[in-house]
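Participant: Take a look at the following structure, please.
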């Protein structure tokens, strides 16, 4: 279950988030279903775009294409999630998206579950899912873009944004290092910090960005000592989810620097518990819960001496979260906690949020726990919104108009201005009355060029 701590309860930010969640979030079955379907369609767009980028740029990104198996010991939870899953997709899509499987099939799909066969009541197998190394993807894509002339300025801090004093729409961005960058447009994609950054920017006409950081925990374990049962001589054939506790266990694609290692990622939970993140913000009791589930599935040999209790109580080595730094000799169980940028209605915020002088400002944030999954899809939607803002309808090529129409519905659902109070109250009224499109913006799916902050 979600944990809400006293840190969150006394935080003014939870009020802005919570009221909007209660009024216009997914509070009815109809709205929850609409939100699920929008998110799924956006995820499918994103997956296709990621695959296209990998092919177009010839990126060498390791992946594990085994799907995701959710298995259950609790019959009531199993029945409830099967029913919910079947409602979430049209019947004609069921076979392409998921398969309900027996306990015997769960073991066949993932042999490590054999010892629990008598306890498992069944599962749901999402056969098209895969684990892709996002770090390798980003590094290689960045290198490809740099070769094409794109400039990445890492480690820089923006200290001021000055509107142009001329008729130009550009703005001057001042950096702490003394450098200056001229910008025709500004995109804020700072996760849970996007709203605060937007306020500091002082964009005129900006809507609220009422995100809250939902704390998730993860632990990466060097499981090279565990007998392999999966593809590529790994500890698992595919990602699995112990659905009774919603703890995910995923084999990470092999690291080229350490091809002999078999790393296992364990992740779970979504708590409202303040704004701290990183190793120093780990809640030991949550880490112990999560690792105890991992031990239940892999045995006590998975973790170092002392098991889940000892690992959860041991301070984590700092700054060991990426690539080669995972599971060093000094810390064979790299632990982390991060903040998922949750929006009140569970959908990202993508679009225009006003301007600094004549320079348009956009946001791309609020992806919750699906940041990597939705990244390319929301990036594509944002690109259409940005392009539309710089070109009048008359100047646009006919092909571009058709393409924008394809993304218009996404842009409407993800429009940041939906969290202004008048729109929140309108959506709340529609949801309570159960009208068409309850909980989502009621405006027609116009051209993206019409989307305003």
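In our numbering, the protein residues as written are 12 to 464. In this text, a Cβ means the ideal position worked out from N, Cα and C, and glycines have one as well.
CB-CB under 7 Å to residue 92, same chain, minus the five flanking residues each way: which ones, in chain order?
Facilitator: Hits under 7 Å: 135, 254.
Participant: Buried or exposed: which applies to residue 384, given that a residue is buried once 16 or more other Cβ atoms fall within 10 Å of its Cβ?
Facilitator: Flag for residue 384 reads buried.
Participant: What's the C-alpha gap between residue 101 and residue 311?
Facilitator: Going by the C-alpha atoms only, they are around 42 Å apart.
Participant: Using the three-state DSSP reduction, which class does residue 381 fall into: helix, strand or coil?
Facilitator: Coil at residue 381, not helix or strand.
Participant: Quick check: what's the CA-CA separation for residue 294 versus residue 256?
Facilitator: Going by the C-alpha atoms only, they are around 17 Å apart.
Participant: Say the cut is 7 Å; is the CB of residue 254 nearer than that to a heavy atom of the ligand MG?
Facilitator: Looking for the ligand MG in the displayed structure turns up nothing, as the structure carries no ligands at all.
Participant: Whose C-beta lies closer than 8 Å to the C-beta of residue 215 among residues of the same chain, with five residues either side of it excluded?
Facilitator: Contacts found: 365, 366, 367.
Participant: Rounded C-beta distance between residue 427 and residue 362? I'm assuming under 8 Å.
Facilitator: Between residue 362 and residue 427 the Cβ distance is about 5 Å, and since that is below 8 Å, they are a contact.
Participant: Using 10 angstroms around the beta-carbon of residue 207, count the other beta-carbons present and answer buried if the total reaches 16, otherwise exposed.
Facilitator: By the 10 Å Cβ count, residue 207 comes out exposed.
Participant: Taking all protein chains shown into account, do 16 or more other C-beta atoms lie within 10 angstroms of the C-beta of residue 465, making it buried, or fewer, making it exposed?
Facilitator: Because residue 465 is not part of the residues shown, which for the chain are 12 to 464, the question remains open.
Participant: So if DSSP puts residue 338 in a beta bridge, which residue, or which two residues, is it bridged to?
Facilitator: None, per the DSSP bridge assignment.
Participant: Tell me the rounded alpha-carbon separation between residue 53 and residue 306.
Facilitator: Distance between the alpha carbons of residue 53 and residue 306 is about 35 Å.
Participant: Counting only runs of 3+ residues fully inside the stretch 145-211, write out the beta strand (DSSP E) ranges in chain order.
Facilitator: Qualifying beta strand (DSSP E) stretches, in chain order: 169-174, 182-186, 191-194, 197-199.
Participant: Please report the distance separating the alpha-carbon of residue 283 from that of residue 15.
Facilitator: In a straight line, the C-alpha of residue 283 is about 5 Å away from that of residue 15.
Participant: Label residue 62 either buried or exposed according to how many other C-beta atoms from any shown protein chain fall within 10 Å of its C-beta, with 16 as the threshold for buried.
Facilitator: It counts as exposed.
Participant: So what's residue 29 in DSSP terms, helix, strand or just coil?
Facilitator: Note: residue 29 maps to helix in three-state DSSP.
Participant: Rounding to the nearest angstrom, what Cα-Cα distance links residue 410 and residue 399 in this structure?
Facilitator: Reliability fails at residue 410, whose pLDDT of 44 lies under 50, so the model's placement of it is uncertain and the value that follows must be treated cautiously. Distance between the alpha carbons of residue 410 and residue 399 is about 13 Å.
Participant: Determine the direct distance from the alpha carbon of residue 217 to that of residue 32, and round the result to whole angstroms.
Facilitator: One C-alpha to the other measures close to 20 Å.
Participant: When DSSP labels each residue in this structure, what does residue 86 get in the three-state scheme?
Facilitator: In the structure shown, residue 86 sits in a helix (DSSP, three-state: H, G or I).
Participant: Return helix, strand or coil for residue 322, following the three-state DSSP convention.
Facilitator: Helix, per DSSP.
Participant: Can you list, in chain order, the residues of its chain with a C-beta nearer than 8 Å to that of residue 375? Leave out the 5 residues immediately preceding and following it.
Facilitator: Cβ within range, chain order: 198, 199, 200, 359, 360, 361, 389, 390, 393.
Participant: By Cβ distance below 7 Å, which residues in the same chain neighbour residue 407 in space, the five residues on each side in sequence not counted?
Facilitator: Per-residue confidence for residue 407 stands at a pLDDT of 44, beneath the threshold of 50, marking its modelled position as unreliable; the derived number appears in the next sentence. Excluding positions up to five away in sequence, the list is empty.
Participant: Can you tell which of 19, 40, 46, 41 has the C-alpha that lies nearest to the C-alpha of residue 421?
Facilitator: Of the candidates 19, 40, 46, 41, the one whose C-alpha sits nearest the C-alpha of residue 421 is 46.
Participant: Closest to residue 114 by CA distance: which of 108, 107, 127, 104 is it?
Facilitator: Of 108, 107, 127, 104, the residue nearest in Cα terms is 127.
Participant: Secondary structure at residue 285, three-state DSSP: helix, strand or coil?
Facilitator: If DSSP states are grouped into helix, strand and coil, residue 285 belongs with coil.
Participant: Following the continuous beta strand (DSSP E) through residue 228, name the residue where it begins and the one where it ends.
Facilitator: Unbroken beta strand (DSSP E) run through residue 228: 223-233.
Participant: Mind checking which residues open and close the beta strand (DSSP E) that includes residue 250?
Facilitator: Start and end: 250-253.
Participant: For residue 26, is the classification buried or exposed, using 16 other Cβ atoms within 10 angstroms of its Cβ as the cut-off for buried?
Facilitator: Exposed, by the Cβ-count rule.
Participant: Just to confirm, is the Cβ distance from residue 185 to residue 194 under 8 Å?
Facilitator: No. Outside cutoff.
Participant: So, with DSSP's three-state summary, where would you put residue 405?
Facilitator: Confidence at residue 405 is low in this model, with a pLDDT of 41, below 50, so its placement is unreliable and no value can be given for it.
Participant: Using only CA atoms, which one of 266, 260, 296 lies nearest to residue 123?
Facilitator: Among 266, 260, 296, the Cα nearest to that of residue 123 belongs to 260.
Participant: Would you kindly work out how many angstroms separate the C-alpha atoms of residue 340 and residue 251, rounded to a whole number?
Facilitator: So the two alpha carbons sit approximately 27 Å from each other.
Participant: Hey, residue 229 and residue 276: beta-carbon distance below 8 Å or not?
Facilitator: In this structure, residue 276 lies closer than 8 Å to residue 229 by Cβ.
Participant: If the criterion is Cβ atoms closer than 8 Å, does the pair residue 373 and residue 196 meet it?
Facilitator: The answer is yes: Cβ separation under 8 Å.
Participant: The alpha helix (DSSP H) spanning residue 246 covers which residue range?
Facilitator: Careful: residue 246 lies outside any alpha helix (DSSP H) and carries neither H nor E.
Participant: Which stretch, first to last residue, makes up the beta strand (DSSP E) that contains residue 295?
Facilitator: Careful: residue 295 lies outside any beta strand (DSSP E), inside the alpha helix (DSSP H) at 295-309.
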